[in-house]
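**Student:** Numbering (numbering that gives the first Met the number 0), first residue to last: 0 to 94. Virtual Cβ for every residue (Gly too), placed ideally from N, Cα, C.
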Amino acid sequence: MDSSRTAQRAVIREEGEHALQIYRRMKEVYGEQCLAWCTVFRWCERYEAGRVNIKDLPRPRQAHVETNSATISAVDELMRQNRRSPHVKLLLNCR
């Protein structure tokens, strides 16, 4: 059984009952992997308000991370140009 957050949100969306009843049933099924009670309650409120998407929405302050060889090379070059920085020294010694 898939115990991911997304799978559990789908269960919450399909149940359509009181949040506490949903949480108790999910706790029996998912055990320690179950979402917290407050999270189940929050998602029940969202679905009652008309939300249909079970995935996280992008957060405005969430950093966009892109790792590829060009980015790694550019960062590596910047670090090598400024070896005096204590942070760079620490990073270069971790290799």
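(1) Do Ile21 and Cys37 have their C-beta atoms within less than 8 Å of each other?
(2) With a threshold of 8 Å, are at least 3 pairs of Cβ atoms found where one atom belongs to the segment 43-53 and the other to the segment 11-25?
(3) Label Ile11 either buried or exposed according to how many other C-beta atoms from any shown protein chain fall within 10 Å of its C-beta, with 16 as the threshold for buried.
(4) In whole angstroms, give me the CA-to-CA distance for Ala6 and Gly49.
(5) Check whether the Cβ atoms of Ile53 and Arg8 sit closer than 8 Å, and answer yes or no.
**Tutor:** Put simply:
(1) No; because the gap between Cβ atoms is not below 8 Å, this pair is not in contact.
(2) Yes, since at least three Cβ pairs between the segment 43-53 and the segment 11-25 fall closer than 8 Å, the two stretches touch.
(3) buried
(4) Rounded to whole angstroms, Ala6 to Gly49 spans 19 Å at the Cα level.
(5) yes
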